[in-house]
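Chains as they are written, first to last, in my numbering: chain A, 870 to 1133; chain B, 32 to 395.
We put the CB at the ideal spot given by N, CA and C, even for glycine.
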Amino acid sequence: MTAVSRPTRAALYLYGALILVVLYLPLVAVGFASVSKARYLSFPVKRYTGGWMAEAVTSPTVHQIVLTSLKIAVTVTVISVILGFFGALAFARFQWRFRGLFQKAILLPIFFPQTVLGLALLIWFSAIGVTPSWKTAVVAHLVWISPITTLIIAIRAYGFDPALEEAARDMGASTLTVMREVTLPLLMPGIVSAGLFAFLLSWGNFPLSLFTSGVDATLPKWLYSRMVSGFTPQIPALGVMSVAGSTVLVLAGLILVRWLRRRT
Amino acid sequence: MVGQPFLRIENVTKRFGRFTAVDRISLDIAEGEFLTIVGPSGSGKSTLIRLLVGIDEVTEGTISLNGARIDEMPADKRPTCMVFQSLALFPHMTVGQNIEFPLKVRKLAPEARRARALELLALLRLPADYYGKRISQCSGGERQRVALARALAFDPQIIVFDEPLSALDYRLRKTLEKELKDLHGRTRKTFIYITHSLEEAMVMSDRIAIMRAGRFEQIATAEEIYSRPVSRFVASFMGEVNLFALGSGADGAPRWQDSGITAAPGALSLVPGWNGTAMVRPELIHFVDGGKGGAEFTLSGRLAAEYALGSRVQYAITTDAGTEVTVERPFEARLEAPVGSPVRLGWDRGSVHLIAEGAGDGAA
Chain A
870 MTAVSRPTRA
880 ALYLYGALIL
890 VVLYLPLVAV
900 GFASVSKARY
910 LSFPVKRYTG
920 GWMAEAVTSP
930 TVHQIVLTSL
940 KIAVTVTVIS
950 VILGFFGALA
960 FARFQWRFRG
970 LFQKAILLPI
980 FFPQTVLGLA
990 LLIWFSAIGV
1000 TPSWKTAVVA
1010 HLVWISPITT
1020 LIIAIRAYGF
1030 DPALEEAARD
1040 MGASTLTVMR
1050 EVTLPLLMPG
1060 IVSAGLFAFL
1070 LSWGNFPLSL
1080 FTSGVDATLP
1090 KWLYSRMVSG
1100 FTPQIPALGV
1110 MSVAGSTVLV
1120 LAGLILVRWL
1130 RRRT
Chain B
32 MVGQPFLRIE
42 NVTKRFGRFT
52 AVDRISLDIA
62 EGEFLTIVGP
72 SGSGKSTLIR
82 LLVGIDEVTE
92 GTISLNGARI
102 DEMPADKRPT
112 CMVFQSLALF
122 PHMTVGQNIE
132 FPLKVRKLAP
142 EARRARALEL
152 LALLRLPADY
162 YGKRISQCSG
172 GERQRVALAR
182 ALAFDPQIIV
192 FDEPLSALDY
202 RLRKTLEKEL
212 KDLHGRTRKT
222 FIYITHSLEE
232 AMVMSDRIAI
242 MRAGRFEQIA
252 TAEEIYSRPV
262 SRFVASFMGE
272 VNLFALGSGA
282 DGAPRWQDSG
292 ITAAPGALSL
302 VPGWNGTAMV
312 RPELIHFVDG
322 GKGGAEFTLS
332 GRLAAEYALG
342 SRVQYAITTD
352 AGTEVTVERP
362 FEARLEAPVG
372 SPVRLGWDRG
382 SVHLIAEGAG
392 DGAA
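Structure follows, in C-alpha cells:
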C-alpha cells in the first residue's frame, strides 16, 4: 500500500464508517419495529416481544406467499444459470458473426426500467391470451436476470486460457467430455455466483412481480400491499427474517465460491 | 534422415480472410525425427503446427501419416499431441489427474492410469509425491515436465511443441533443452518443435526449418544452416554475424562497396555481374599485427567496445569506413588493448560465405 498520512487515513475510515451507517441504519429500524410490542414504532422501544415473528412464522398466508416466492426464485435460478452458461460461451468464448450485436443486445433488458418492462410483458401476455400467474412472473424475471447471469459467467469465461479446451480436445476428448471435464469445472465459481445473484434478485423483485404474477402474491408484493392497507408489525418481522435468510445464503455462496477458487 | 519418411505435408496453405499465414508448404518428416521450425513471430510457424494437430483446418493441401490422409480428421481423432506455449495444464486438477487425463478419456481403469502416471513422473525425474500436488504448487520447470508427461501419456505418434520454454529463465531453458533432447532419444517419438530461437533449435534438432512469411526459407541440419545459410534472412537469424555488401564488375573482380575491405589479389573471384552479401562469422576474424599482411582480407578500424562472455571475448569494432564489425576471440587469445586503439582485422577466403542477391525468396 502506498503511504497515506495519518489524518487522511482517519478521514477515509470515518467516511467508510459513515457510508455503512447510512446504508444499514434503516435496516436496524426495521429490526426494532419487528420486536417492538407497539403497533407503530417509536423510540425508545418500551416493551420488546417475539410475538410478531411467531405470528409471521405460523401464518398460513405467509407460508403460501413464501412458497410462491421460493418457487419463482428457484425456477428462475435454475433456468437463468443454464441460459447464462451457454450465453456466456457465446458472449466470451466463440467467435461468430453476430457476437458484437449479441453482446450489446443482451445488456438492454438490464437498462430498461423494470416497471415498463413489467407493463410491456403484461400487455404481451394478455395479447397472446396467457393468464398471469407465478409462471408468467418466472418469464418476466428471466428477461431481466438472464442477462445478469450471462455477464457474471462471461467474466469468468474471459479469464481462462482457450488452450485448455484445445488441449483436452487434442488429447482425444469429445465435445461433451471437454465440457464436463474442463469448461464446466473452470466456470463453476462464476456459475455459483450467478446462481446466488439470480436467486436474490428474483426473491426481492417487486416491480416485475407486481405486473406479471397475477393473483399469486410474492413476498415483496404482499409486503407492499399490507403496507398500503392493514399494516401489522408482522411486516417488518417478515422483512427481517427475509434479510437474515438472504445473508445466510450469501455467506454460504461466498464460502462455496472461495472453496472452488482455491481449487483452481 | 532417421528411418522412413512417414509424415508428409503437401502444398498446405492456410488463409485467414485475405491474410495467407501458411503459403504452399511441403515437407516430409521421418519417423523418430526431431524437427524444429524456427521463425520470427507472424511467420506462420504456429499456424502450421495447429494445422498439423487439427486445431485449425487447412485451406488447401494435404497432410498424410503413413500414406493415410489426416487433414480432414478432427483433432481428437489424430495421433498427434501438442504441448502448448501456455502448457495448458488443467488448473482444477492435480498433477496426477493432469497426466491421467488422456487415459481417462480412453476409459482406462483407475489403477492402470495411476501406474502409468507414476511411471511417467519417474521418466521425467519428478518425485512420486508430486502425483497429488496442485499445478499451482509446481515451479515453471516442473510444470514443463508435467505437460510433457501428459503428452507422453496420450502416446501420440507425433508430439508437437509450441515454444513451451519461452516463458522460462535462461538457465532453466538450457537445462530443459538438453532434457528434451535426451527424452527424444529415449522415447524415439517424432518431435516437431517450434521456436523463434535458432540457438534453441541447434541444441536439440536433427533438422531445422527456417520459416519466413508462410514459406520455408531453408531446411537443413544445424551445421549446414550455421555455416552455409542460403539467405541474408537466415544469416541474420543467427545473431551476430558480419554481413558485407559485395558485387562484381564485368571482369568478375570483387567490389567491396563501401566497407573498406582490402583483398589480396586473386583471393576471391566471382561471376561477372554478381551481386549479394559476404558473411563472415565473428569467431573467424582475427586481429592482424600492423606490419605483416597476414590475411587474405583485411580491414582497419578502432576498438569501440569489449564484452566478456566468459570463455570468449566479444569486440565491437568501428571500421574506418564507419561500419560496425563484431569479432569474437577465445579468452586465451584476447586482445590486450584499451578501447579506442587502432586495430587491423583479418580473415581468409575459407571464412567467407557468399549469399547471392534474392536467394531464399523462393522455395528452399
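Proximity of the region 102-118 of chain B to the region 1023-1039 of chain A meets the contact definition, three or more beta-carbon pairs being nearer than 8 Å. L990 of chain A and T1005 of chain A have their C-alpha atoms spaced approximately 9 Å apart. The alpha carbon of L1065 of chain A has as its nearest neighbour, out of A:T877, A:S903, A:L1092, A:I1022, the alpha carbon of A:I1022. Every alpha helix (DSSP H) stretch that sits fully inside the region 263-322 of chain B and reaches 4 residues is listed by chain position as 263-268. By the neighbour-count criterion, in which 16 or more other beta carbons inside 10 Å mark a residue as buried, N306 of chain B falls on the exposed side.
Within the same chain, no residue comes within 6 Å of S1094 of chain A by CB-CB distance, once the 5 residues on both sides are set aside. The region 1007-1023 of chain A makes contact with the region 1063-1079 of chain A; the number of CB pairs closer than 8 Å reaches 3 or more.
Looking at the backbone, the Cα of A298 of chain B and that of V383 of chain B are separated by about 11 Å. DSSP places D1030 of chain A in the coil class of the three-state scheme, outside both helix and strand.
Between A1032 of chain A and chain B, the shortest Cβ-Cβ separation is below 7 Å. Close to chain A, meaning a Cβ-Cβ distance shorter than 7 Å, are the following residues of the region 113-134 of chain B: M113, F115, S117, A119, F121, P122, H123, F132, P133. In summary, Q168 of chain B is exposed, with fewer than 16 beta-carbon neighbours lying within 10 Å of its beta-carbon over all protein chains present.
Shown here for S1115 of chain A: same chain residues with a beta carbon closer than 8 Å to its own, the five before and five after excluded, namely L1069, W1072, G1073 in chain order. Looking from the CA of D282 of chain B, the closest CA among B:I239, B:G163, B:S290, B:L301 belongs to B:L301. The beta carbons of A106 of chain B and V84 of chain B sit closer together than 7 Å. Neighbourhood of G1041 of chain A in chain B, by CB distance below 8 Å: D107, K108, P133, V136, R137, F185, in chain order.
The region 70-89 of chain B and the region 237-244 of chain B touch, with three or more beta-carbon pairs separated by less than 8 Å. Assigned with DSSP and collapsed to three states, M124 of chain B falls in coil, not helix or strand.
In terms of beta-carbon proximity, I190 of chain B stays away from the interface with chain A, with every pair separated by 7 Å or more. Here N97 of chain B is exposed, its C-beta having fewer than 16 other C-beta atoms within 10 Å. With the criterion set as a beta carbon lying under 7 Å from some beta carbon of chain B, the region 1066-1090 of chain A has no members that meet it. Taking 7 Å as the threshold, the shortest C-beta distance from I86 of chain B to chain A falls below it.
Between T350 of chain B and the set B:R360, B:L155, B:P361, B:L330, the nearest pair of CA atoms involves B:L330. Taking a C-beta cut-off of 9 Å against chain B, the contacting residues of the region 1053-1064 of chain A are P1054, L1055, M1057, listed in chain order. Per DSSP, I975 of chain A is not a residue of any alpha helix (DSSP H), being assigned neither H nor E.
By the neighbour-count definition (other C-beta atoms within 10 Å, threshold 16), N42 of chain B is an exposed residue.
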